[in-house]
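The numbering of the sequence shown is my numbering, which starts it at -18 and goes up by one. Where is the CB? At the ideal position from N, CA and C, for every residue including glycine. Right, one structure below, let's go through it.
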Amino acid sequence: LEVIRLVEIKYIPPQAAIEPMVKDLATQGIKVEIYGAADKLLKAYYVGGTTADERGTFMIMDGSDMPYVTSIPIMEGGLRVRYAVKGDQWRDKTVFGYDPETITYVSVEYPKQKSKSFVLERAAGGYSVKPYFDVTPPSTTPYRQGSAENYLTGFQRVIAEAFENQNPLRDTITQRVPFCVIELRTSDGNARKFTFHPVTERNSPTNAPIPVIESYLVDIEPDGDFVLLQHNLVKQILRPYEHFF
């Protein structure tokens, strides 16, 4: 989006250069369509190759017969590579981007560690934290003031390393018992579910699994995305029940 916003005409090519530029755009051009509200088409143009010095990029408006050499003043080099991205490469990789004040409910379930699971809810004047499972006895230790507020800051900004929507093992991975399942609700009625599957690294000589978890593959509902997240970015939200006491 930054390229689309900043690109400008560098110069109008000489007459002798127009025909080869148009041929380049016709055979190799990447079509760019920009839409506004209600899916209204605002602009469409084609992005072609670069000039001999690689400081300008050929572009032409859809329906026009006059190409231009374009550039971005603060950037060196051609712009085509900035447009030659596909699928999820265009997308914002933000997984958690919440204002903690808007979060009203968080449940954290550890299927293999049930006593560590909990539910955090906004209550009058503060928060309540209780076991996720009825069989888990409530803590007899007093609630640690400020622990819920501090915990919720972990949802402010977490960026995925990559989208894994085309991962051929996705179906196999999501059928396994997960490490953790987080459900989150906000004051505007938005609800999402995040299912964490640890990525198991293996020791090269022995092929034995390495016990330290460094990353997760996370299934997100209802978004339908499957993303790779680094443990260091989410360790603050993967707390146990006793963390709050």
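>> Alpha carbons only, please: which of L198, L214, V215 is nearest the one belonging to F207?
In response: L198
> Between the Cα of L(-13) and the Cα atoms of D34, I11, F39, M56, which residue gives the shortest distance?
Replying inline: M56
>> So within the region 31 to 117, which uninterrupted beta strand (DSSP E) runs reach at least 3 residues, ignoring any that extend past its ends?
In response: 38 to 42, 49 to 52, 75 to 77, 84 to 90, 99 to 104, 107 to 112
> Contact check, T176 vs D200 under 8 Å by CB: the rounded distance?
Replying inline: 4 Å
> What residue range is occupied by the uninterrupted alpha helix (DSSP H) comprising K4?
Replying inline: -4 to 9
> Just reading off the alpha helix (DSSP H) that L214 is part of, what are its end residues?
Replying inline: 212 to 215
> What's the C-alpha gap between D80 and K216?
Replying inline: 18 Å
>> Nearer than 7 Å: is that true of the beta carbon of I(-1) relative to any heavy atom of the ligand COA?
In response: In the structure shown, the ligand COA is absent, as is every other ligand, since no ligand is present at all.
> Span of the alpha helix (DSSP H) holding D200?
Replying inline: That residue, D200, is in no alpha helix (DSSP H); its beta strand (DSSP E) goes 196 to 202.
> Name the DSSP beta bridge partners of F177, please?
Replying inline: C161, V199
> Near A25, what residues of its chain come up, given a Cβ to Cβ distance below 6 Å and the 5 sequence neighbours on each side ignored?
Replying inline: E14, D43
>> Please classify G10 as buried or exposed, where buried requires at least 16 neighbouring CB atoms within 10 angstroms.
In response: buried
>> Restricting to Cα atoms, I'd like to know which of K111, G127, L219, E130 is closest to T121.
In response: K111
>> Can you find the residues in the same chain that come closer than 6 Å, C-beta to C-beta, to R103, ignoring five residues on each side of it along the sequence?
In response: T85
> Alpha carbon to alpha carbon, how far is L133 from F77?
Replying inline: 11 Å
> DSSP state of G29, grouped into three classes?
Replying inline: strand
> Relative to the alpha-carbon of G45, which residue among M2, K21, K174, E202 has its alpha-carbon at the smallest distance?
Replying inline: Looking at the sequence provided, one finds Ser at residue 45 rather than Gly. Looking at the Cα atoms, M2 is the closest of the given residues.
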